[in-house]
Every structure is written in C-alpha cells, then in structure tokens.
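Student: Can you read through this structure? Questions will come right after.
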Amino acid sequence: MNTGLQRKNSPRLLALEGPAGVGKTTLSQLLSTDKSLAIGQISTISEFSTLPIGQALKANCESPNHERWACHLGGLLAFLADKIMLLENAASANPSLVISDRYVTTQIILGLAAITDPISKKTGATFVWEMEKWVQHKFSQDSLVVVLTAPPHVIKNRLEKRAGRSLLQEEIERIEWEVQEYNSLPDSMQTDCTLVSAEGTPENVANLIKEIFSRAMENSV
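When you read off a place in the sequence shown, starting at 1, and then add 1299, the result is the number in the working numbering.
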C-alpha cells in the first residue's frame, strides 16, 4: 500500500476475496478466533451489513431473480457504500486487525459484469478504484487481500451441498467464469494481493493464510 497516505497506528486489514462457494465466510470465522494473528482486538466484517441496504443486497444476491436496481451501476454503488460503511466503522474502533468477507474490488468482477452501458461501466470502475485508495488511507501498509481460488468442480460440489440440489448448466458456467476472473484480479490490484488455493480443509487453508499474512508484516518493517 502507499505509505504516504497511512494514518499512524492504523489497523491491519485482511480481506478475503474469491468466487461464491470458495470458503470466504468459513475462513473469516476461523481466522477471527486465532489470537496469533494480532496482538489486540480482531474485528470481522460480514459480506453485507445488517442495515436495510445491506439486507436488500443480501436478499438480491441469494435470490434466483435479481432485482433490476442491483444489476446496474446502482447495485455497484450500493455494495460499495455498504462495504465502506462496514470498513470505516471497524477501523474507527481501533482494533489491531480487521478481517473482511469480500473487498471493494469484488465489484470489478461482479459489479461491472452486470453493467452494459460503457459510460456507466467506466464510472463504476472509477468508483471502485477510488474506494480502494480510501482503504489504503484508512488501513496499515502491511494489509493484505487474499484471493481464494479452487477448481470449478470443487466449488460446484460445495455449492451443491450448500443448496441441496444439482446446479444448472448456467450456474456451472458462472462458476467457471468467476474462477477465471478472480484468478486474474491480483494483476490489477493496487493493494498487496495474493492467490491462495482453497482446495484443502479450512484449517489448512487458514494456516496458509496466516503464514502469508505474517510474511507481509515482516516485509513491511
């Protein structure tokens, strides 16, 4: 991150990114109880807030029939507003570490894909990168974005187990697309970002993330 924008004693951020079903929420919960990650308080941020805007986004995400407002620039901006509010509230409490389920750059993939108008798409991308600059200002330079990845068939099996049904062909194609897009995300990131395989058990993946996170802190000293 850009050290010129850092606040003194800023909390570290560990953001977990990746396609649906890769294990972000499970790992966020697992890592939040690991006291070796930070000396002091560890705060966690869910994908959506409990406010009306967050719950509307969550309901739309879980519904097979997406609302029109959430599939365009308005949906992208609503997600960013909800996520930035969560990040700001967490940072203001002065924890040692904030663990976030998804990051603002998820909208570079999921948000922009739903926008067809080129002007709106460009506007949306600008908002995402400006919000990432804000995060760089708010959090420590040794923060890290972890993009979790796994083969499409692994994610497919997890999602089918979660849903209790077989996925449709269009859902399987969506998984393949998300995996490909998230795998290329680190190339466009301004924040320190790394790919981590999520094929193993949650405990093993969590240990791998801890090792990478510790190295990031050592390298920033």
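Backbone N, C-alpha and C define an ideal beta-carbon position, used for all residues, glycine too.
1. Span of the alpha helix (DSSP H) holding N1356?
2. If you drop the 5 nearest sequence neighbours on each side, which residues of the same chain put their C-beta closer than 7 Å to that of P1485?
3. Near I1338, what residues of its chain come up, given a Cβ to Cβ distance below 7 Å and the 5 sequence neighbours on each side ignored?
4. If the criterion is Cβ atoms closer than 8 Å, does the pair V1397 and L1336 meet it?
5. Alpha carbon to alpha carbon, how far is A1314 from A1392?
6. How many angstroms separate the CA atom of L1379 from the CA atom of E1366?
7. Count the CB pairs spanning the segment 1316-1333 and the segment 1450-1470 that are closer than 8 Å, and state whether there are at least three.
8. Per DSSP, what are the beta-bridge partners of C1492 in this structure?
9. In this structure, what does DSSP give as the bridge partners for I1341?
10. Determine the extent of the alpha helix (DSSP H) in which R1461 is found, giving its start and end residues.
11. Once DSSP output is grouped into helix, strand and coil, what is the label at R1311?
12. In whole angstroms, what is the alpha-carbon distance linking G1463 and V1478?
13. Please identify the residue among S1345, A1412, D1416, L1329 whose C-alpha is closest to the C-alpha of Q1507.
14. Give the DSSP bridge partners of E1316, in chain order.
15. Among G1373, F1347, T1332, S1331, which residue has its Cα nearest to the Cα of S1419?
16. Under 8 Å: do the segment 1458-1472 and the segment 1434-1442 share three or more Cβ pairs, one atom per stretch?
17. Here's the rule: buried if 16 or more other CB atoms are within 10 angstroms of the residue's CB, otherwise exposed. What is E1510?
18. So T1404 and E1316 are in contact, right, with Cβ under 8 Å, and what is the actual spacing, rounded?
19. Whose C-beta lies closer than 7 Å to the C-beta of S1496 among residues of the same chain, with five residues either side of it excluded?
20. Quick one, are the C-beta atoms of Q1435 and Q1489 less than 8 Å apart?
21. Drop a sphere of 10 angstroms on the beta-carbon of L1409, count the other beta-carbons inside from all chains shown, and report buried for 16 or more, exposed for fewer.
22. Spatial neighbours of Y1402 within its chain, please: C-beta separation below 6 Å, excluding the five flanking residues on both sides.
Tutor: In short, the structure shows the following:
1. In the sequence under discussion, the amino acid at residue 1356 is Leu, which differs from the Asn named in the question. Membership of L1356 in the alpha helix (DSSP H) is indicated by the continuous run 1351-1361.
2. Excluding its 5 nearest sequence neighbours in each direction, P1485 has C-beta neighbours in its own chain below 7 Å: V1446, C1492, T1493, L1494, listed in chain order.
3. S1395.
4. No. Outside cutoff.
5. Rounded to whole angstroms, the separation of the alpha carbons of A1392 and A1314 is 17 Å.
6. Those two C-alpha atoms are separated by around 17 Å.
7. Contact annotation: the segment 1316-1333 touches the segment 1450-1470, with at least three C-beta pairs closer than 8 Å.
8. Looking at the DSSP assignment, C1492 forms a beta bridge with V1444.
9. BP columns for I1341 point to L1396.
10. Residues 1451-1462.
11. Three-state result, R1311: strand.
12. The straight-line gap from Cα to Cα measures roughly 22 Å.
13. The residue asked about is misnamed: residue 1507 is Leu in this sequence, not Gln. Selected option, being the one with the closest Cα: L1329.
14. Paired residues: V1446.
15. The residue among G1373, F1347, T1332, S1331 with its C-alpha nearest the C-alpha of S1419 is G1373.
16. No: the two stretches stay apart, fewer than three of their Cβ pairs being nearer than 8 Å.
17. Under this definition E1510 is an exposed residue.
18. Their Cβ separation, rounded to whole angstroms, is 7 Å, which keeps T1404 and E1316 in contact under 8 Å.
19. Within the same chain, S1496 has close Cβ partners T1448, A1449.
20. Against a cut-off of 8 Å, the Cβ pair of Q1489 and Q1435 comes out as a contact.
21. Flag for L1409 reads buried.
22. Taken in chain order, the residues that qualify are A1314, E1316, V1444.
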